[in-house]
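S.K.:
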Amino acid sequence: MEQVRKEEKDNPLASANLLSKIFFCWLNPLFRTGYKRKLEEDDMYNVLPEDASETLGEELQGYWNREVQQAAKDLRPPRLENVLVQCYWRSYALIGIYIFIEEVIKVIQPLLLGNIIEYFEREDRTDNTAAVHEAYRSAAGISLSCISLSVLHHLYFYHVQRVGMKIRVAMCHMIYRKALCLNSKAFAKTTTGQIVNLLSNDVNKFDEVTLYLHFLWIGPLQAATVILLLMYAIGPSCLAGMAVFFILMPVQTMFGQLFSSLRADTAVLTDDRIRTMNEVITGIRVIKMYGWEKPFAALVDEVRRMEISKIMKSSYLRGLNMASFFVANKIIVFITVCVYVLTGNQLSASRVFMAVSLYGAVRLTITLFFPFAIEKVSESLISVKRIQTFLLLDEVAPQHLGLPFSDKKDCYVKIQDLICYWDKMLEAPTLQNVSFTVAPGQLVAVIGPVGAGKVRAVYQDADVYLLDDPLSAVDAEVGRHLFEKCICGLLRKKPRILVTHQLQYLKAADQIVVLKQGQMVARGTYSELQGSGLDFTSLLKDEEDQEEDRKTPIPGTLSRFPHTLSDNSISSNSSLSSSRCSLIKAPEPNEVVVQPTEEESRSEGNIGLRMYVKYFRAGANFLVLFILILLNVLAHITFVLQDWWLACWASEQKHINVTKPLNGSLPRQLDLDLYLGVYAGLTATSVVFGFLRSLVFFNVLVSAAQTLHNSMFNAILRTSVHFFDINPIGRILNRFSKDIGYLDSLLPWTFVDFIQVFLQVIGVIAVAAIIIPWILVPVAPLLAGFLFLRCYFLQTSRDIKRLESTTRSPVFSHLSSSLQGLSTIRAFKIQERFQQMFDEYQDLHSEAWFLFLTTSRWFAVRLDGICSIFVSITAFGCIYLRDGLEPGAVGLALSYAVTLTGMFQWGVRQSAEIENMMTSVERVVEYAELESEAPWETEKQPPHDWPEAGSITFDRVNFSYSASERLVLKNLTVVFPSREKVGIVGRTGAGKSSLISALFRLAEPEGRIMIDGFLTSEIGLHTLRQKMSIIPQDPVLFTGTMRKNLDPFRQHTDEDLWNALQEVQMKAVLEDLPNKLETMLTESGSNFSVGQRQLVCLARAILRKNRILIIDEATANVDPRTDSLIQQTIRDKFKECTVLTIAHRLNTIIDCDRILVLDAGRIQEYDEPYVLLQNQEGLFYQMVQQTGRAEAASLLHTARQVYINKKRVADVHCAKDIHVIFETSL
């Protein structure tokens, strides 16, 4: 099993003391390491035992299993949310103690603030020692409360985030376990894209919902307490302000519900987009060779357009929500003040700013956390329902775990009257009436035409070997070696069931089962079936008179030659022994084309300004960006001015109250209309600017996400195939799922939040500096300490975030590869091994994620410490320098300073989070700037009917898949004449497929390749590729209708499509289906057999009517009858075409006009098959001999007949030419 990590490192949290746990000091060594050098995976600490994927997953799985059983008893559907509550409610409920104490302290703070401002309202404040001491005690209380808040706040968020991580990890474990158990009916209801989306987006909702869930009960409790305190401070006027709070709550709840509805719609579209992307990436080689990039681009663009439309609407809702949070306090204070003064009360700084602080204490909870809790609960319930639907899909029957070891002496397989359905919704079963027994030591061969029900007739049990056509995709020598040495050698004492299309091996079978249309039509030995007169005889060559001597190795078999012979490449007239060696020896490391998976790139250092500019420029032009900056500045200036005006109003009121009227004159009255009018104007302006800037900001950033997605997708489509060879699917999908997910929703929200907080912090410091200018003296060292701390933190934080991204990719790669190879995993019963690997990948990711959470808290605690110092300096400084300070100014400075705790660290952490998430932008931009292959279209256009003849010339062609890799084709010079059928053969790694890649310019070759005299290097790739047809080795079909799979450009009529299907005998199959050409193909076309998919690929080639056809081992996985059908169709429909056929089955190319033999990237032989077979030292002759004596004789006979027929035709043409010349001469 693959090793997931190299070195283990104990987690220091397990042995840390209490203070170390509270202040996260156990992370200090990691920060020192991260400051000195780049962090690697080996620097991460082991996941704690209680956070391990297997532990968490199996615990939750147990609860789910019990819920399913109980639901079945109660005749109700199982509820996943009940399971989550049962599993985690105890540990999560205890964490609520932290937040309860924190919110109590938040409510006490404004009372202490009010005491200090009351002191400044006293006329005897300079002489009253007791009052001064009381003020100092209140300042000390504020300082202590700030420190306590810092500790409690971060302990709470650390613990709830850890619970969220546990739920997510456990749920991922369950989803993967379920994916390994899905049956075929279930796969018709889900897709790889949906499962990837469940793991990449839906489970992340658990990380978010746990943050805010406690505020559902804390919010109402805190609101009730604050109302009582406000009644004490300003009387019934507070009810007007609280009424606004309670009006905002249902409005924001409605926003949350709308948001969750849009989220559900978006999730479906995201599933669709990721599924399509998965198909595009998986089938990119075929898409490029067909020249189908544009229709697939249009398909993804359409889905993405609908997805981004929903995302934009939800972003506007989020923008309104955020704006309402920031302006809510302004509106509430404004209404409270208006009611207070209009009911005959006079403003006092202590009352006003105590009320402002109390509103501020409850504002976060009621206008942000409480609606967030509702929004996240709504979103999470949607995700829970999606996951629950997936977990309730049908599973395969539980597999028998095997007999005890002592009972495994004599194993046999018995199948009696087997009936199987691929999908029970279909009327006809896939298999029916199948019965046979396999005794120990017996070999049973299962044969039949395409679609007969063979990729489905067998299941594995212990000590029983099931071989699903393993001999088709290898050349004759390797196939023979596997059959003789492995199947009939090492495994000879085991029961073996071989599903095959390779009929030359049937004589060695003890029993043969013939399937047709899902039914067993014959069963018996080779000789019994030959004499039965059934369909079996038409599948086989007539070999009664030819007996193969299995015991005596024929010339050219592996046993005859040592492994130490020369590895030099050889020419066509080299010695017999060296030519045989070249074909049959194990390939040397320097001879085989290896495309190693590159380690995922991980950039280092700061995210440069260039990246931010690219991000914003992707969303808007410079004018819009300038307007956005202006809106932000104006919004925050009006925010501060509104509070400043309130302070001035309160101070003016105090002066009026203490000023005695002179000479019996009337006391001076405050111009209420002026103060109220200006106050109302500033409030209205701040509200308008607040909403405008949020909406414009979200519009710009979501537009940037759309632009960058399109750029990345277009770059992916235009890059070379080599990129896909060295980057696994999961890594590429990760950028289209997780990274684009960040750009769509999380990064815009974080950016808007940071800018608002940043401007508020600037406002706080500016106000404090204006009121107490000397405060800038201690601010300077605090700022220096903060900048160092931020720099120190970011060195490590960036690396941890990048490690989190790169350790996440293997989770998706493992999921994707597991789903693709699910049948193999089940056949070998290695589900537990793959589950264990998945858990290890999850644990590796959890290590990075855990460090990401804890390092963020380490930073935040220290930032709040800096803020607590600033608040303490401000509080004590105001009292120490009390002379000349107005109570309104002190109230403004202190109320602002208190908000700094929490807000400042949040803003700085958001800035770090932005920088971390900008790595997603960086990763997207990295792919958006991939090197493109040549242009799809060029100015030089060949004639419309090009290529008319179809002649192909290779002139001194060298080819490699990238500049850094070795040559796989070397100095290739060959001409494929017009209308000739050329077979291309050679060992694995000889360069057969590379020749096709060079022809299609999947990478740019050196030298010249010409088609009908036109240099392919001067023609656009689409012009070139769309003028050649290819039938690939692996038939690639895509989700969508059959019509779209045949004709994505809609260039052909229905009649053309039906005719093409008729040619490949697929018309009847489609006509039997209810939707005919509109029949939907499931993912990868899995509702058709491999052979049927290959026939669809052949129909594509017929529709294109090109002069050049490439067949890349297209019949390796089909039965001889389908092979014969494909070959006959090619002869009939492509007789005027140049056909290049790569094949391992020599009988498919023995009737070609010429055969090209490649070895180690060089041409070894090139001539007519019969001519090549006359050279007994030649490579082709040896390959024919390796098929076995009977098959070799048959191939030689066919080659001779083709040669004689061609000669006869040539003689006739020659005679006609002489006759014409004679007549002309007369």
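101 is the number that my numbering gives to position 108 of the sequence shown; each next residue is one higher, with no gaps. All C-beta atoms in this analysis are idealised placements derived from N, C-alpha and C, irrespective of residue type, glycine included.
#1: May I ask you to report which of helix, strand or coil DSSP gives Asn951?
#2: Does the structure place the stretch 868 to 879 close enough to the stretch 708 to 723 that three or more beta carbon pairs sit under 8 angstroms?
#3: With a threshold of 16 other CB atoms inside 10 Å of the CB of Val633, please say whether the residue is buried or exposed.
#4: Whose C-alpha, out of Ile110, Arg473, Val975, Leu787, is nearest the C-alpha of Tyr129?
#5: Nearest to Ser428 by alpha carbon, out of Arg516, Arg170, Leu496?
#6: Looking at the structure shown, is Lys963 part of a helix, part of a strand, or coil, going by DSSP?
#7: Cutting at 6 angstroms between CB atoms, please list the residues of its own chain near Leu667, excluding the five before and the five after it.
#8: Restricting to runs no shorter than 4 residues, where is the alpha helix (DSSP H) found entirely within the stretch 167 to 248?
#9: Can you tell me the Cα-Cα spacing of Leu1039 and Trp210, whole angstroms?
#10: Taking the continuous alpha helix (DSSP H) assigned at Ile90, which residues delimit it?
#11: Is the beta carbon of Met305 sitting closer than 8 angstroms to the one on Val695?
#12: I need the straight-line Cα distance from Thr1180 to Pro1028, nearest angstrom please.
#13: When you compare only the Cα positions, how much space is there between Ala124 and Ile866?
#14: On a Cα-Cα basis, can you pick out the residue from Val681, Ala348, Gly276 that is closest to Lys99?
#15: If I follow the unbroken alpha helix (DSSP H) through Asp461, where does it start and stop?
#16: Near Leu222, what residues of its chain come up, given a Cβ to Cβ distance below 8 angstroms and the 5 sequence neighbours on each side ignored?
#17: If you reduce the DSSP assignment to three classes, tell me which class Ser13 lands in.
#18: How would you call Lys933, buried or exposed, if buried means at least 16 neighbouring beta carbons within 10 angstroms?
#19: With a threshold of 7 angstroms (Cβ to nearest heavy atom), would Met1035 be considered close to the ligand ATP?
#20: Hey, could you find the ends of the alpha helix (DSSP H) Val437 is sitting in?
#21: First and last residue of the beta strand (DSSP E) that includes Tyr873?
#22: Distance, Cα to Cα, Asp503 vs Tyr519?
#23: Which of the three DSSP states, helix, strand or coil, is assigned to Ala502?
#24: According to the Cβ coordinates, are Ile1101 and Ile945 closer than 8 angstroms?
#25: Kindly indicate which residue of Glu1158, His1137, Tyr1163, Glu1184 has the alpha-carbon position closest to the one of Leu1172.
#26: Whole angstroms is fine: what's the gap from Gln425's alpha carbon to Asn176's?
#27: I'd like to know if the stretch 919 to 926 and the stretch 368 to 388 are in contact, where contact means that at least 3 CB-CB pairs between them fall below 8 angstroms.
#28: Please tell me whether His1015 and Gly284 are closer than 8 angstroms, where the distance is taken between their beta carbons.
#29: Given this structure, state the Cα-to-Cα distance separating Gln1026 from Ser1187, to the nearest angstrom.
#30: For Met1073, count the other beta carbons within 10 Å of its own beta carbon; 16 or more makes it buried, fewer makes it exposed. Which is it?
#31: Assign Asp1047 to buried or exposed, taking buried as 16 or more other Cβ atoms, counted over all protein chains shown, within 10 Å of its Cβ.
#32: Assuming Ala1220 contacts Leu49 under a Cβ cut-off of 8 angstroms, what Cβ separation, rounded to an integer in Å, is found between them?
#33: Please report the distance separating the alpha-carbon of Ser565 from that of Val950.
#34: Could you have a look at Gly1013 and say whether DSSP puts it in helix, strand or coil?
#35: Which of the three DSSP states is assigned to Gln495 in this structure?
#36: Could you pull the start and end residues of the alpha helix (DSSP H) that Ala290 belongs to?
M.R.: The answer reads as follows:
#1: Position 958 of the sequence shown, counted from the start, is the residue given in the question as residue 951. Strand.
#2: no
#3: As a working note, residue 633 is residue 640 in the sequence shown. It counts as buried.
#4: Residue mapping note: residue 129 aligns to position 136 of the sequence shown, counting from 1. Nearest option by C-alpha distance: Ile110.
#5: Along the sequence shown, read from residue 1 onward, the residue named residue 428 stands at position 435. The option with the nearest alpha carbon to Ser428 is Arg516.
#6: In the sequence shown, residue 963 corresponds to position 970, counting from 1. Here Lys963 sits in strand by DSSP.
#7: In the sequence shown, the residue the question calls residue 667 occupies position 674. Contacts found: none.
#8: Runs of the alpha helix (DSSP H) lying entirely within the stretch 167 to 248, each at least 4 residues long, are 177 to 180, 185 to 190, 197 to 205, 208 to 227 in chain order.
#9: If you number the sequence shown from 1, residue 1039 lands on position 1046. If you number the sequence shown from 1, residue 210 lands on position 217. Cα to Cα, Leu1039 sits roughly 58 angstroms from Trp210.
#10: Taking the first residue of the sequence shown as 1, we reach residue 90 at position 97. Unbroken alpha helix (DSSP H) run through Ile90: 73 to 114.
#11: Along the sequence shown, one-based indexing puts residue 305 at 312. Along the sequence shown, one-based indexing puts residue 695 at 702. In this structure, Val695 lies closer than 8 angstroms to Met305 by Cβ.
#12: Here residue 1180 is taken as the residue at index 1187 of the sequence shown, counted from 1. Here residue 1028 is taken as the residue at index 1035 of the sequence shown, counted from 1. Going by the C-alpha atoms only, they are around 26 angstroms apart.
#13: If you number the sequence shown from 1, residue 124 lands on position 131. If you number the sequence shown from 1, residue 866 lands on position 873. Ala124 and Ile866: Cα-Cα distance of roughly 19 angstroms.
#14: Residue 99 sits at position 106 when you count from the first residue of the sequence shown. For Lys99, the nearest C-alpha among the options comes from Ala348.
#15: On the sequence shown, residue 461 is found 468 positions in, with the first residue counted as 1. Counting along the chain, Asp461 falls outside any alpha helix (DSSP H), though it belongs to the beta strand (DSSP E) covering 458 to 461.
#16: For this step, residue 222 is matched to residue 229 along the sequence shown. Here the set comprises Val100, Pro103, Leu104, Leu351.
#17: As a first step, residue 13 is located in the sequence shown; it is residue number 20 there, counting from the start. Correct three-state label for Ser13: helix.
#18: Within the sequence shown, numbered from 1, the residue matching residue 933 stands at position 940. Lys933 comes out exposed.
#19: In the structure shown, the ligand ATP is absent, as is every other ligand, since no ligand is present at all.
#20: Walking along the sequence shown from the start, residue 437 turns up at place 444. It is not in any alpha helix (DSSP H) - Val437 instead sits in the beta strand (DSSP E) that spans 436 to 440.
#21: By 1-based counting over the sequence shown, the position of residue 873 is 880. Unbroken run through Tyr873 is the alpha helix (DSSP H), 824 to 873; no beta strand (DSSP E).
#22: Position 510 of the sequence shown holds residue 503. Position 526 of the sequence shown holds residue 519. For Asp503 and Tyr519, the distance between alpha carbons rounds to 8 angstroms.
#23: Against the sequence shown, residue 502 aligns to sequence position 509. Taken through DSSP and simplified to helix, strand or coil, Ala502 comes out as coil.
#24: Taking the first residue of the sequence shown as position 1, residue 1101 is located at position 1108. Taking the first residue of the sequence shown as position 1, residue 945 is located at position 952. Yes, they are a contact pair.
#25: The count along the sequence shown starts at 1 and reaches residue 1172 at position 1179. Ranking Glu1158, His1137, Tyr1163, Glu1184 by Cα distance to Leu1172 puts Glu1158 first.
#26: Sequence index remark: in the sequence shown, residue 425 carries index 432 (1-based). Sequence index remark: in the sequence shown, residue 176 carries index 183 (1-based). In a straight line, the C-alpha of Gln425 is about 19 angstroms away from that of Asn176.
#27: no
#28: By 1-based counting over the sequence shown, the position of residue 1015 is 1022. By 1-based counting over the sequence shown, the position of residue 284 is 291. Taking 8 angstroms as the Cβ cut-off, His1015 and Gly284 qualify as a contacting pair.
#29: Looking up residue 1026 in the sequence shown gives position 1033. Looking up residue 1187 in the sequence shown gives position 1194. For Gln1026 and Ser1187, the distance between alpha carbons rounds to 25 angstroms.
#30: Start at 1 with the first residue of the sequence shown, and residue 1073 comes out as number 1080. Met1073 is exposed by the Cβ-count criterion.
#31: Taking the first residue of the sequence shown as position 1, residue 1047 is located at position 1054. Asp1047 counts as exposed, since fewer than 16 other beta carbons sit within 10 angstroms of its beta carbon.
#32: Because the chain in this structure spans residues -6 to 1219, residue 1220 falls outside the shown range and cannot be described.
#33: For the purposes of this step, residue 565 is taken as residue 572 along the sequence shown, with counting starting at 1. For the purposes of this step, residue 950 is taken as residue 957 along the sequence shown, with counting starting at 1. In this predicted model, Ser565 has a pLDDT of only 28, less than 50, meaning its place in the structure is not dependable enough to derive any value.
#34: Taking the first residue of the sequence shown as 1, we reach residue 1013 at position 1020. Looking at Gly1013 - three-state DSSP - the assignment turns out to be coil, as it is neither helix nor strand.
#35: Taking the sequence shown and counting its residues from 1, the one referred to as residue 495 is at position 502. Three-state result, Gln495: coil.
#36: Your numbering for residue 290 matches position 297 in the sequence shown. That run of the alpha helix (DSSP H) goes 286 to 335.
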